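A.B. asks: Dropping the structure in here first, questions after.
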Amino acid sequence: MVEKTYKIIWTNEAKNDLKDIFDFIKKQSVQSAKNVISDIRNAPKSVHFLHQNEKEYYNNKYRRIIIRNYKVLYRINEFNNELIVAAVFHTNQEPEKLSEID
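Under my numbering, read the sequence shown as residues 1163 to 1264, first letter to last.
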């Protein structure tokens, strides 16, 4: 079986989420904020392993990766070979904003 990798696209919403997360964490530690954002940004690169096994969907459209205390919601565009990151939020939050993304 050939592993499939995807071009990773971050939506503006997801980029804003990363900025908000960074700004929140940096109040405690800039280095911690950098580490968390780095881990979140690298998480979609592992999807070529997870794509076949991930079962949880949001709105029948999005899949998720949990990294640290954050959910990274994404969808796959097989036609363009893209993984599109739609949103990032803390695991204690609900993804109400997804209705705004769709």
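Quick reminder that beta carbons are idealized off the backbone N, C-alpha and C, glycines included.
Since we're looking at a predicted model, the values are computed, not measured.
Hey, out of Gln1190, Tyr1236, Ala1176 and Leu1180, whose CA is closest to Tyr1224's CA?
C.D. replies: Ranking the options by Cα distance to Tyr1224, first place goes to Tyr1236.
A.B. asks: Alpha carbon to alpha carbon, how far is Arg1203 from Asp1182?
C.D. replies: Those two C-alpha atoms are separated by around 14 Å.
A.B. asks: Any idea if Phe1251 is buried or exposed, counting beta-carbon neighbours within 10 angstroms, 16 or more meaning buried?
C.D. replies: Under this definition Phe1251 is a buried residue.
A.B. asks: Just how far apart, CA to CA, sit Ile1238 and Gln1193?
C.D. replies: So the alpha carbons of these two residues sit roughly 31 Å apart.
A.B. asks: Please report the distance separating the alpha-carbon of Ile1229 from that of Asp1201.
C.D. replies: Approximately 7 Å, taken between the alpha carbons.
A.B. asks: Whole angstroms are fine: how far does the CA of Thr1253 sit from the CA of Lys1196?
C.D. replies: Approximately 19 Å between the Cα atoms of the pair.
A.B. asks: Look at the alpha carbon of Ser1208 and the alpha carbon of Glu1240, and state the distance between them as a whole number of angstroms.
C.D. replies: So the two alpha carbons sit approximately 16 Å from each other.
A.B. asks: Counting along the chain, where does the alpha helix (DSSP H) carrying Arg1283 start and finish?
C.D. replies: Residue 1283 lies beyond the stretch modelled for the chain, which goes from 1163 to 1264, so this question has no answer here.
A.B. asks: In three-state terms, what does DSSP make of Phe1241?
C.D. replies: Phe1241 falls in the coil class under three-state DSSP.
A.B. asks: Mind listing, in chain order, the continuous alpha helix (DSSP H) runs of no fewer than 4 residues lying wholly within the stretch 1163-1207?
C.D. replies: As far as the stretch 1163-1207 is concerned, its whole alpha helix (DSSP H) runs of at least 4 residues are 1174-1187 and 1192-1204.
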